[in-house]
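Enquirer: Pasting in a structure now, in structure tokens, and then I'll have a few things to ask.
Chains as they are written, first to last, in full-length UniProt numbering: chain P, 1 to 205; chain C, 1 to 205.
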């Protein structure tokens, strides 16, 4: 792609560093900004820089937060002895939306993925193990994606804490609510049969 | 969507103002920036602000340029009496890539589109008409998209200059090179039959 302007080329190149945004999309976005008032570009730039410079991570659960201890960890009504282990803030938001979990979270910041150069030491695993070693935690719920990387991460953490007195569980796998049985993959269908729940219990959900 | 951080929320909101980027995608992009070194965010913000503040439009053809008269208009080897009328810089880049056009461009900056609130006075149409009135231009080539808005814009300009001594043409419509006849829509196929070209001429392309 040849540009008639260095400024434009520079903006497109920076924009296309974002995941899933190629040169063409970047050009479309940048041209859109050019058609809008200058304030929009300024606001966008300012919001991004400010976020990157000033954002904090909760020192207890490592979730993104504006204060040292996030709202969830600081909430006295939440159970402090159940910890849900998740990959990032999106998973916290998704689980909070269900209103079914009243414990605390621990945000790993990713999954172990040798292909992407992410090892256990790049994640917030040590602080989780330390937290469990203090002995106050009764249950750890692994809520990572059901992928090779997610399973590896679960197993790595499990190995570190298996000697300690803590119950570990993973979120259940099964057919999604509203899904047709015939279109489900066999692993999921198999798991949902093995992990079946009493019918009376399912009525209460 | 509820966020645990105002800074994050602000960044996501600004990002999702871009066309085709919803809240979820914006969150994914912003979280990606958080995982990258601070420099990447700073470079992106700077490139965008600088582009928006400093970019110029060629005073002759209205194309994006870093100088007052763009490279194409300033090139002494180009024919100054043929003007190709296009919507935006992407079309200039696309036509330049074909290496088939050696004249100059006139960038309208959009198409007439009442639905989007874009009227003739929001586009660089007056300066085009003035240019034609000077009498130096022999041919205007309309190269807008073949949509309702493109056709409207072509016709609007045509009406303004039809009394003047200038040839007007539009780029030809027809079956794309490499396309199967049976999958072409009937309007395109019909046009490509009506606008057929001598076989000997087609051999030279």
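Here a beta-carbon is modelled for each residue, glycine too, at the ideal position from N, C-alpha and C. Computed from a predicted model, the values in this text were never measured in an experiment.
1. Need the endpoints of the alpha helix (DSSP H) that residue 132 of chain P sits in, please.
2. Which chain C residues sit within Cβ distance under 8 Å of residue 10 of chain P?
3. Where does residue 113 of chain P sit, in a helix, a strand or coil, going by DSSP?
4. Listed from N- to C-terminal order along the chain, which residues in the segment 58-75 of chain P have their beta-carbon within a distance smaller than 7 Å of any beta-carbon of chain C?
5. Rounded to whole angstroms, what is the Cα-Cα separation between residue 145 of chain C and residue 151 of chain C?
6. Any idea which residues DSSP pairs residue 84 of chain P with across the strands?
7. Whose C-alpha, out of C:169, C:39 and C:105, is nearest the C-alpha of residue 62 of chain C?
8. Could you tell me which residues DSSP puts in a beta bridge with residue 57 of chain P?
9. Taking only beta carbons into account, state which residues of the UniProt domain "Toprim" (81-176) of chain P come closer than 9 Å to chain C, listed in chain order.
10. How is residue 12 of chain P classed by DSSP in three states: helix, strand or coil?
11. So the beta strand (DSSP E) residue 169 of chain P belongs to, where does it begin and stop?
12. Here's the rule: buried if 16 or more other CB atoms are within 10 angstroms of the residue's CB, otherwise exposed. What is residue 116 of chain C?
13. Spell out whether any CB of chain P is found under 8 Å from the CB atom of residue 187 of chain C.
14. Would a C-beta distance cut-off of 8 Å place residue 11 of chain P and residue 51 of chain C closer than the cut-off?
15. If you draw a straight line from the C-alpha of residue 82 of chain P to the C-alpha of residue 174 of chain P, how long is it?
16. Please work out which residues of its chain come closer than 7 Å, Cβ to Cβ, to residue 59 of chain C, disregarding the five sequence neighbours upstream and downstream, and give them in chain order.
17. Look at the Cβ atom of residue 140 of chain P, then the Cβ atom of residue 124 of chain P, and state whether they are nearer than 8 Å.
18. Taking residue 183 of chain C as part of the alpha helix (DSSP H), name the residues at either end of that continuous run.
19. Quick one: give me the first and last residue of the alpha helix (DSSP H) that residue 202 of chain C is part of.
20. Given that residue 242 of chain P touches chain C, what residues does it touch there, using C-beta distances under 8 Å?
21. Of all the CB atoms in chain C, is at least one closer than 8 Å to the CB of residue 44 of chain P?
22. Do the CB positions of residue 49 of chain P and residue 45 of chain C come within less than 8 Å of each other?
23. What residues of chain P sit near residue 38 of chain C, judged by a beta carbon separation below 8 Å?
24. Would you please verify whether the beta carbon of residue 6 of chain C is less than 8 Å from any beta carbon of chain P?
25. Against chain C, with Cβ distances strictly below 8 Å, would residue 181 of chain P count as a contact?
26. Flag residue 222 of chain C as yes if its beta-carbon sits less than 8 Å from any beta-carbon of chain P, otherwise no.
27. Throw me the rounded Cβ distance for the residue 29 of chain C and residue 90 of chain P pair, which I believe falls under 8 Å.
28. Just mark residue 131 of chain P as buried or exposed, buried being the case when its beta carbon has 16 or more other beta carbons within 10 Å.
Expert: On the basis of the coordinates in this document:
1. Counted from its first residue, the first chain places residue 132 of chain P at position 132. Residues 126-133.
2. Position 10 of the first chain, counting from 1, holds the residue named residue 10 of chain P. Residues of chain C passing the Cβ test: 47, 50 and 51.
3. On the first chain, residue 113 of chain P is found 113 positions in, with the first residue counted as 1. Strand, per DSSP.
4. 63, 64, 65, 66, 70 and 71
5. For the purposes of this step, residue 145 of chain C is taken as residue 145 along the second chain, with counting starting at 1. For the purposes of this step, residue 151 of chain C is taken as residue 151 along the second chain, with counting starting at 1. Cα-Cα distance, rounded: 8 Å.
6. Position 84 of the first chain, counted from the first residue, corresponds to residue 84 of chain P. DSSP output for residue 84 of chain P lists P:105 and P:141 as bridge partner(s).
7. The sequence position of residue 62 of chain C within the second chain is 62, counting from 1. The shortest Cα separation from residue 62 of chain C among C:169, C:39 and C:105 belongs to C:105.
8. Here residue 57 of chain P refers to the residue found at position 57 when the first chain is read from its first residue. For residue 57 of chain P, which the question treats as bridged, DSSP gives the partners P:64.
9. 88, 89, 90, 92, 93, 96, 97, 109 and 110
10. What you label residue 12 of chain P is simply residue 12 of the first chain in a count that begins at 1. The answer is helix: DSSP assigns residue 12 of chain P an H, G or I state.
11. Here the question's residue 169 of chain P lines up with position 169 in the first chain. Unbroken beta strand (DSSP E) run through residue 169 of chain P: 167-170.
12. Sequence index remark: in the second chain, residue 116 of chain C carries index 116 (1-based). By the 10 Å Cβ count, residue 116 of chain C comes out exposed.
13. Numbered from 1 along the second chain, position 187 holds the residue referred to as residue 187 of chain C. Chain P contact via Cβ: absent.
14. Here residue 11 of chain P refers to the residue found at position 11 when the first chain is read from its first residue. Here residue 51 of chain C refers to the residue found at position 51 when the second chain is read from its first residue. Their beta carbons are under 8 Å apart, which means residue 11 of chain P touches residue 51 of chain C by this criterion.
15. Position 82 of the first chain holds residue 82 of chain P. Position 174 of the first chain holds residue 174 of chain P. C-alpha separation (whole angstroms): 23 Å.
16. As a working note, residue 59 of chain C is residue 59 in the second chain. Closer than 7 Å at the Cβ level, and outside the excluded window around residue 59 of chain C, lie 68 and 69.
17. For the purposes of this step, residue 140 of chain P is taken as the residue at position 140 of the first chain. For the purposes of this step, residue 124 of chain P is taken as the residue at position 124 of the first chain. Cβ distance not < 8 Å, so residue 140 of chain P and residue 124 of chain P don't count as in contact.
18. For the purposes of this step, residue 183 of chain C is taken as the residue at position 183 of the second chain. Where residue 183 of chain C is concerned, there is no enclosing alpha helix (DSSP H), given that its DSSP letter is neither H nor E.
19. Numbered from its first residue, the second chain carries residue 202 of chain C at position 202. Looking at the DSSP string, the run of the alpha helix (DSSP H) that includes residue 202 of chain C is 199-203.
20. Past the boundaries of the shown model lies residue 242 of chain P; chain P is included only from 1 to 205, so the question cannot be answered.
21. Your numbering for residue 44 of chain P matches position 44 in the first chain. Answer yes: the Cβ-Cβ gap between residue 44 of chain P and chain C drops below 8 Å somewhere.
22. Position 49 of the first chain, counted from the start, is the residue given in the question as residue 49 of chain P. Position 45 of the second chain, counted from the start, is the residue given in the question as residue 45 of chain C. Yes.
23. Here residue 38 of chain C is taken as the residue at index 38 of the second chain, counted from 1. Simply 52 and 53.
24. Along the second chain, one-based indexing puts residue 6 of chain C at 6. True, the Cβ-Cβ gap to chain P drops below 8 Å.
25. In the first chain, counting from the first residue as 1, residue 181 of chain P sits at position 181. For residue 181 of chain P, the answer is no, since every Cβ of chain C falls outside 8 Å of its Cβ.
26. Any property of residue 222 of chain C remains undetermined from this structure, which presents chain C solely from 1 to 205.
27. For the purposes of this step, residue 29 of chain C is taken as residue 29 along the second chain, with counting starting at 1. For the purposes of this step, residue 90 of chain P is taken as residue 90 along the first chain, with counting starting at 1. The pair is not a contact, with the Cβ atoms about 12 Å apart (cut-off 8 Å).
28. Position 131 of the first chain, counted from the first residue, corresponds to residue 131 of chain P. Answer is buried; the Cβ neighbour count reaches 16.
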